[in-house]
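Participant: For the sequence shown, the numbering used here begins at 1316 and goes up steadily by one. Every residue, glycine too, gets a C-beta built ideally from N, C-alpha and C. Note that the structure is a prediction, hence the values are computed from the model and not measured.
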Amino acid sequence: GSVGAGHAITPQEVAEADSVIVAADIEVDLAKFAGLPMYRTSTGLALKKTAQELDKAVAEATPYQPAGKASQAATEGKIESAGAYRHLLTGVSYMLPMVVAGG
1316 GSVGAGHAIT
1326 PQEVAEADSV
1336 IVAADIEVDL
1346 AKFAGLPMYR
1356 TSTGLALKKT
1366 AQELDKAVAE
1376 ATPYQPAGKA
1386 SQAATEGKIE
1396 SAGAYRHLLT
1406 GVSYMLPMVV
1416 AGG
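1) Taking C-beta to C-beta, are proline 1378 and methionine 1353 nearer than 9 Å?
2) Have a look at Thr1365, Asp1340 and Ala1330 and flag the residue whose alpha-carbon is nearest the alpha-carbon of serine 1357.
3) Let me check one thing: in DSSP terms, what residues is isoleucine 1324 bridge-paired to?
4) According to the neighbour-count rule (16 or more other Cβ atoms, all chains shown, within 10 Å of its Cβ), is alanine 1330 buried or exposed?
5) Between leucine 1362 and serine 1334, which are expected to be in contact by the criterion C-beta below 8 Å, what is the C-beta distance as a whole number of angstroms?
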């Protein structure tokens, strides 16, 4: 959530996992899942088309290999710019009804 992980996954849970399904619209730290079969999707698809996404996860999960530090630094820069853009668009979405109502 926006506050962070309410119930963080323990190392024991990771060790017992057969595979991982990540439904996230932001970048999250996945290093603890290295080597496990992983399927990534958006939160919207996971909530709206749950059965289809589970079927796809079973069919398409591939072992997760974390990227190196160099690519991680480049990704962080992209995430920051995408985050600012997303916040800007959210502000416009809230402002638009007021502009329309004002004429």
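Facilitator: With the given structure in hand:
1) yes
2) Of the candidates Thr1365, Asp1340 and Ala1330, the one whose C-alpha sits nearest the C-alpha of serine 1357 is Asp1340.
3) Paired residue(s): none; isoleucine 1324 is not in a bridge.
4) exposed
5) So it is not a contact: roughly 20 Å between Cβ atoms.
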